[in-house]
Amino acid sequence: MVTNPNIIDLESSIGPWLGKTVKMVDYYVQESFKENNIDLTKEQAIILKVLSEKGSQNQNELACSTFRDKSSLARLLSTMENKKYIVRKPDKDDKRINNVSITKLGESINHKSLPLIREVVTTMQQNISEKDIKNTIKILQKIQSNLTTEVHSF
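Take the sequence shown: its position 49, counted from the start at 1, is 51 in the numbering used here, and no numbers get skipped.
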């Protein structure tokens, strides 16, 4: 049988496996939030976690911290602002810059979501040795490094 060098065997490539896994994790997190009556998406949970840990950030800093493009972040923040999870205030020195802060309600939702996220991580990593977890992280860091070299927007 002649193999075509132009055809990529996707099942032997890391990319599709990463994509499938991310979608499964997204679904699992979303179902966990829904079962526990938490009105939050995984993306919103990440924003709340960053703001809770790092404090107020401007939208550019938040985009970098969460690896999101500015326009999708702006839409996400609008939704979160409508839910009263965050507030955006113009910077005192430069009115073009919005500073984003977590609200008390946002802190409360973040506090409720963290145990569920920990549970997802525990489920995700069950039956995987500490050594395999560390090796997987190293491999993912190499992939990120390769892509960061190629794509300068991160």
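Note that beta-carbon positions come from the ideal geometry of N, C-alpha and C, so glycine has one too.
Exposed unless 16 or more other CB atoms sit within 10 angstroms - verdict on residue i
i	result
Met82	buried
Arg70	buried
Gln128	exposed
Gln46	buried
Asn2	No answer is possible for residue 2: the residues shown for the chain start at 3 and end at 156.
Ile135	exposed
Nearest-angstrom Cβ-Cβ length linking residue i and residue j, presumed shorter than 8 angstroms
i	j	result
Lys72	Gln59	With a Cβ gap of about 13 angstroms, Lys72 and Gln59 do not count as contacting.
Ile88	Val102	6 angstroms
Ser131	Ile40	About 31 angstroms; that fails the 8 angstroms criterion.
Beta-carbon proximity list for residue i, same chain, < 8 angstroms, skipping 5 on both sides
i	result
Val122	Val27, Tyr30, Val31 and Ser34
Same chain, Cβ closer than 6 angstroms to residue i, five either side skipped, listed in chain order
i	result
Ser67	Val52
Lys140	none
Minimum C-alpha distance to residue i - residue among the options
i	options	result
Leu75	Asn100, Ser115, Val24 and Glu109	Asn100
Below-7 angstroms beta-carbon distance, residue i vs any chain C residue
i	result
Ile119	No chain C is present in this structure, which holds just one protein chain.
Own chain partners of residue i with C-beta closer than 7 angstroms, once the 5 adjacent residues on each side are dropped
i	result
Met3	Any reading at Met3 is ruled out, since the residue's pLDDT is 47, under 50, leaving its predicted position unreliable.
Output the residue ranges of the alpha helix (DSSP H) runs that lie fully inside the region 17–100 and measure 4 residues or longer, sorted by chain position. 44–56, 61–68 and 72–84
Sequence ranges, beta strand (DSSP E) only - wholly within the region 110–139, length at least 3: none
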